[in-house]
Structure formats: C-alpha cells, structure tokens
Amino acid sequence: MKPSTPTLDSLSTIHADGSRQFVQPSDVHGPFTFWRRVAALALLVIYIALPWIPVNGFPAVFLDVQERRFHFFGLTLATQDLWIGFFLVTGLAFSLFFVTSLFGRVWCGWTCPYTVFMEQLYRRVERWIDGDGPARRQLEDAPWTASKIARRVFKHGVFLLISAVIAHIFLSYFVSIKSLYEMMQHSPAHHAKAFGVVLFLTGALYFSFSWFREQFCIILCPYGRLQSALTDDNSVVIGYDKKRGEPRGKATVEKPAGDCIDCRRCVQVCPTGIDIRNGLQLECIGCAACVDACDDIMVKLKRPKGLVRYDSYVGLQGGKTRLIRPRTIFYSIVLLVGVVAFTFAVTRISPLRASVVRMGGASFYVDSGIIRNQFQLRVINKRNAESTYKIELVGSVPPSLKIVGVDQMITLPAMGEDLKTIVLTLPQADYKEHFKFRIKVTDAARGDSNETRVMEYLGPDPKAAPAAALNAKDFIH
Amino acid sequence: MTPQSPNNGPVLREHSYDGIQEYDQKLPNWWLFTWYITMVWFVIAWVAYYQLNLGESGEEQVDKALANIKAIQLKELEKLTDEKLWAMSQDEKVVAAGAATFATTCVACHGTDLSATALSATPDNPKTKVKVKLPGLPLNDTEWKHGGTPLQLLSLVRKGAPDLTKGMPPWEPQLGLTRVVEVVSFVLSKHKKGEPVTLAADSPLKPGAAAAPSAASAATPPATAPAVPTPAGK
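Here the protein sequences come in this chain order: S and U. Quick note: the first sequence uses my numbering, first residue 4, plus one each step. Quick note: the second sequence uses my numbering, first residue -12, plus one each step.
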C-alpha cells in the first residue's frame, strides 16, 4: 500500500472509512535518540528496582493497601495523611505546567511510561523480530505464510511476556516483592484477586502496546490535550524551519529550492504518523525522532543541521524566544507555592498520630462527687520500631483533673495501632464551667509528639447543682 | 455541491459558526466499537436488571451482606451457653486475647486487678500512693449488680448497663462480638465455675424475684457437686 502523505485535515492513522492505518516508524539514530534511550533505560531501572530496595525495613516505594500504610523512601504515611496527596498532585501538575510552557511536551517524548514502554521495549522487540519500518510494512501486506505466522506468534508471545513482567512489577508496588514471590509459588486460586489484577493488567498492557499504541496519546490521553493547551508561541517545541526549508524539493536552475529535499525521512520515523513540516500538531509527542532523522540527512548533504529542531514558533520565524514571560512567571510562582506547601506539609507529618473521640453513652457521669468524662484515644505508631508514649493533657485544665486507670505510658509495637479508653475525673467542687483541652502523646525516647483535636470537658452546671461538698472519704479507701 | 478540503481530503460540512467549520470525518472504528459495546450492554443490563430482575442492586447486596453477618452472629450467639463460656475461660489463647483487650479498654474503670481501684499519688503527698476508687464496679468479687452468670456478663458487656447514664457503655459496636466474648472469658477466668453469685444491694435484678433465682440456678449447673464458696482474688 502506498503511504499517504499526512495532512492537517485528518489523522494519518485512521483511513477515511474509519479503519486503522498502522504506523511503522523507521529506526533512527542520533544524539536525541541516544539520550532518550539513556533516559528511558534509567527510568526502567528505577521502575524495576524501587520495590527491591529496602529503606527502613520496607521497600523504597510500597503502597501497602492492605495495611493502609504508604512507604516512600523511609517516610511512612497512614491513610490519615492522605491530604498530603493533594499537594503532591497539585505540585506535579504545576511543575508540568511550568515545564510545558517552556519546552512543550517533553514529558510525553522523554519520560512518560507509555512512551518508554512503547518505544524502548515493544517497538525494539518488534524491530528485532520483524526488521525496520519498510520490512514491517512489507510483512504486514504479505500473505499468511508459515514463516509469517511463526514470526507473529513469536512476536506476540514476547509482547505477552513483557506485559506480564511489567504487570507483576506493578503489583509488587502494592504487595511487596516478598509476598508477590510467595503468591507466585501458589496456585492462582489461592490469590484470585491478585492474580486477576495481574491478568487484567497483562491484557491491558498487551492490548495497548501491541495494537492500540499511538491512538492512546492522540485520542485518549487527557494529559496530552492539557499539555497542548499550555504552550504558546514562545514555548520551545519541535518545529520545521519553513523559511529555510521551503520551497522543498529538487533545485533547478530556473527554480531555486530550500534546504528541504522532501526526502520524507521525518515522516517515516514519526511514531504518531504526522508530517512535522505541517507545523506543531496535536499528535506530536515531542520525541525528537524527526530532528535526528533530518540532521542525519543534512550532514550527508553537507548542509547545516537544525532544519527540524527544538525551537519556538517565534524562533522559527527568525525572532528571539522569550523564556521569561508572564505565563512562565505565573507558572513558576504557582509551582513555588506548591513546593513550599508540600515541603511544609511533609514536615508536618508526625511519625505518630493521636486522635480522640468522646465515648458513646452520656457525655458525663457524676458519682460520689466526682465528675467523669470518658474518651477513646487512638494512637498510631508509624515507625517501624517499638515506641513508648507518654499521654498527657494540655490546655488550661484544673490541677485536680486526672487521667485514671490507664498507665500514662503506653508501648506500641512497630507500625502498631491501639485504642485506649481514657477516663478523666474531676472533683465536682473544682468544676466551674466546661473547658477545652487536648491530649498530647509524646514519644518518650525520641520526643516526637502529636496533639489531638480540641475536646471539651463537660459536667453538671455548678449553679444548678446542690452545693454538695467534696468528701474525700467517698473516693479514697 | 459540498466543498472539499484543498487536497481531496475530508468533506467540509456546510454549517459555520463564527467562521468555524468542521469536517465530516468518520470516527475511528475502535472508538465506534466502544459505543456499540455500550449499546449492547445497555440492552443486556436493562433486560436483566429492570425487566427480569435477575441481578441485585448495590443496596440489596449490602443489605443482604449485613443480614448475613447478623445471622451468623446470631447463630454464634445461640451456640454460646454458660458452659461454653466457662470452657472458653480455660482456653489460654482466648483468655490472653481477652486480657489484652481488657488492658486497653476496661482497666480505666475496672482496674488492672479487676478491683476497680488503682494506686495513685495524692496531690498533697506525691510520694505516698493511696488506693483510689475507679469509676467501674469491682469484678474480682462474687457480688454482681447485673447478674453473675456468663451469659448475663456477656449481655452486659455487649449491650451496656440497663441504665446507660451509669457508665458501662455497650461495647459490641466498638469491639465486635469476638473481642467481647474474649473479654468475658478473661473475666470468667478470674472466677470459678460454681462459685456463689450474690446480687448487690442496688441490683436492678433484685426486686424482680423471678429473675434472680433463675440466674442463680443457671450459674450452678445441676450436674456439678454443690458449690464450694471460693473467695476469688479478695
């Protein structure tokens, strides 16, 4: 089939009848491709290694959904710390805004896991088995011979294997490598849910990377659309120098031509099947394959590199790219606010957590001239070590207010959680009006402390109660 | 005549809003298929859920699950007898679990030694410790306010004191049935089967003459020898 020339009017990956035109991008070499490969390799190593590296007794990143503890490089968060996630997500969004306004969709081309898996794993396997772009296109159109079937079975087998490995590593972020290995030694029925997750993920990854491919980036990914809206004429994107390149084609004596010889190399290497010479397009994921492809040709022609290059629209028109402009200033301010808020939020995370509720039943009890209020104190030890805590009351409380019954020192095992009944007694004579207090829990050895929210101590209205004098005999044997 | 795009591409639709026009393009087939799937799914779901009432709604599922939990609990409760609770009070594992719950939840009012007292320093003399009465009732004697049979104890811990203003709250919602049974087993482990049960002077069970004897007879199973009064922990 003759490849159609990509236009701005329709997607080059969809035929007019709605059927799919598969893109078979040719291989490309050059500095951007090399560094992109290095970056992808580093990202893959990080992705695979994180669940294996123990930090403080847990994997470096371990989202323990079962125990509801989330470990990040030794920092342990409980479900109650989920509010941090707000700053994390907004912080990431603002950094993305900032980077995008400066350099376009570098995230998509260089770091997005989808691109990394697609270009550096699946596409490379395909290249290894089926050859370069033209060979693949030829094989696609070839009749179903035994050799084609064998190749297809082998290729999809490897695809499924890679998908299964990625899915297993993904699961290990949530269950840890150790228990994943234990699960793998049993029959799938033992861990039907975990097995189902891996099965589903394997299927989804296989579908995405063997068939769906660039359709995800072009049509499905909201991130890509969002990023496209964040660029302006001064954002550095991948562009074609029209002034230098046009008119493209062969130069003749009567018709001088630009530097573009219309070799279509940039179109052949594009993983989303566009012609970069049509300008910045929604499909462009900023992978720089066309930059390397064109530079290669320019070197061969002994012409200067950079006919297709990283530059802004303004820069391509011959102007000077302004990196500092209202948009980038605003995004960097918002980014800074996000970073400060996140840093502050992280420092606010205490390795222990205390929370209190009033116990069910009446709000106060009066017995033998003693008022008592009953509370339930929940203490969570987020450290991976046994800790002993001191319980005390803070606020302007009467000196005769006592915590009774419970030892004022409690010990919790590593990552332990306990619910303690706290009974506070106060001689009725000392009760003037309701007052506020907090319960403070302090790590006796390390000094970390956490205070509960404000609670109120309640009792009978002293003006309404009969003036019964406190009799010590009532409560001391 | 419909206008064409410059390079024989898609057909431009005739309408125009603020000078913006659109091409008449086909949706990708895979996208179209997701739409067909939702249509098929709609028919299946509509027939199954709304016409044939085959499936259960989410609410029904939750109600059913809750009813199921309740039924299982009720079944377990029916299985529990004084005998069984006494037997559990001899099971070290159950008692240890009950002791742990007691230590965190009950000691505040009933004391570490079940005597409802605690040693505490007085404000005037911090060196000497005096015995302070705690809010709860002692559990280490044979005098009971709300009945001393295992099942009566169990019901008290589960549902709380009949007069909730007196302090003993219902613990089942907090602890769950299992832990309540464990705590009761722990308290029973400090007692002996067949020891006399006397009702406190202010016991609400006392004036009702019918209730008290039956409770007493339940505490003393007919098969065992006459009870030998054993002072437990006092």
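C-beta: ideal position from N, C-alpha, C; glycine also.
Interface residues of chain S facing residue i [CB-CB closer than 7 Å]
i	result
Q12(U)	S13
Y25(U)	A small fix is needed here, since residue 25(U) is Thr in this sequence, not Tyr. Neighbours of T25(U) on chain S: none; closest Cβ ~16 Å, over 7 Å.
T165(U)	Neighbours of T165(U) on chain S: none; closest Cβ ~15 Å, over 7 Å.
Distance CB(residue i)-CB(residue j) smaller than 7 Å
i	j	result
G289(S)	I241(S)	yes
P137(U)	D189(U)	no
R489(S)	T445(S)	In the structure as shown, chain S starts at 4 and stops at 480, and residue 489(S) therefore has no counterpart that could be examined.
A187(U)	K132(U)	yes
T455(S)	A357(S)	yes
A86(U)	F173(U)	yes
L183(S)	D262(S)	no
Q12(U)	S231(S)	no
G(-4)(U)	T79(S)	no
E459(S)	H437(S)	yes
L126(U)	V171(U)	no
P149(U)	P191(U)	yes
E217(S)	P274(S)	yes
V167(U)	W158(U)	yes
I279(S)	Y316(S)	no
M155(U)	G163(U)	no
N384(S)	L355(S)	yes
L380(S)	I425(S)	yes
V168(S)	V128(S)	no
A291(S)	F35(S)	yes
K39(S)	W113(S)	One detail in the question is off: residue 39(S) reads as Arg in this sequence, not Lys. Taking 7 Å as the Cβ cut-off, R39(S) and W113(S) qualify as a contacting pair.
K393(S)	A447(S)	yes
Y209(S)	L163(S)	yes
S176(U)	V82(U)	yes
Neighbouring residues, chain S, relative to residue i (Cβ below 8 Å)
i	result
W17(U)	R23, F215 and Q218
G85(U)	In chain order: nothing, as chain S lies at least about 15 Å away.
Residues that residue i contacts on chain U, provided the C-beta gap is smaller than 7 Å
i	result
M362(S)	P156
I17(S)	P15
Within chain U, partners of residue i - CB distance below 9 Å
i	result
I394(S)	Chain U residues near I394(S): none, gap ~12 Å exceeds 9 Å.
D20(S)	K13 and N16
Cross-chain neighbours of residue i in chain U, by beta carbon under 8 Å
i	result
T331(S)	Within 8 Å Cβ-Cβ: nothing; T331(S) doesn't reach chain U, min ~30 Å.
Residue i: contacting residues in chain S (beta-carbon distance under 9 Å)
i	result
T92(U)	Q379, L422, K423 and T424
Heavy atom of the ligand NAP within 6 Å of residue i beta-carbon
i	result
L396(S)	This structure lacks the ligand NAP, and indeed carries no ligand of any kind.
is_contact[residue i, chain A] using C-beta, thresh 7 Å
i	result
G112(S)	This model lacks chain A altogether, as its protein chains are S and U.
Continuous beta strand (DSSP E) assignments of at least 3 residues falling wholly in the region 354 to 415 of chain S: Here the runs fully enclosed are 355 to 361, 368 to 370, 373 to 384, 390 to 397, 405 to 407 and 412 to 415.
Sequence ranges, alpha helix (DSSP H) only - wholly within the region 274 to 325 of chain S, length at least 4: 292 to 303 and 316 to 319
Touch test, the region 198 to 208 of chain S against the region 224 to 244 of chain S, Cβ-Cβ under 8 Å, three pairs minimum: no
Length-filtered (4 minimum) alpha helix (DSSP H) runs lying within the region 9 to 37 of chain U: 16 to 32
Under 7 Å (Cβ pairs) to chain S, residues found in the region 118 to 131 of chain U: K118, V119, K120, L121 and P122
The region 130 to 149 of chain S touching the region 353 to 370 of chain S, judged by at least three CB pairs closer than 8 Å: no
Contact set between the region 344 to 374 of chain S and chain U, restricted to residues whose Cβ is under 7 Å from the partner: M362, G363, G364, A365, Y368 and D370
At least three beta-carbon pairs within less than 8 Å, the region 37 to 53 of chain S to the region 115 to 126 of chain S: yes
Touch test, the region 332 to 351 of chain S against the region 262 to 282 of chain S, Cβ-Cβ under 8 Å, three pairs minimum: By the criterion of at least three beta-carbon pairs nearer than 8 Å, the region 332 to 351 of chain S is not in contact with the region 262 to 282 of chain S.
Whole runs of the alpha helix (DSSP H) within the region 93 to 161 of chain S, excluding any shorter than 4 residues: 116 to 120, 126 to 133 and 136 to 144
Contact between the region 25 to 35 of chain S and the region 21 to 35 of chain U (3+ Cβ pairs under 8 Å): no
Inside the region 161 to 188 of chain S only - alpha helix (DSSP H) runs reaching at least 4 residues: none
Validate contact between the region 169 to 180 of chain S and the region 62 to 71 of chain S using beta carbons, cut 8 Å, 3 pairs: yes
Segments of 3+ residues assigned as beta strand (DSSP E) that fall wholly inside the region 23 to 89 of chain S: 64 to 67, 72 to 75 and 78 to 81
Touch test, the region 253 to 262 of chain S against the region 320 to 329 of chain S, Cβ-Cβ under 8 Å, three pairs minimum: Output reads no: the region 320 to 329 of chain S does not touch the region 253 to 262 of chain S.
Beta strand (DSSP E) runs contained entirely in the region 85 to 148 of chain U, provided each spans 3 or more residues: 104 to 108 and 116 to 120
Inter-stretch contact at 8 Å, needing at least 3 Cβ pairs: the region 89 to 98 of chain S / the region 185 to 192 of chain S: no
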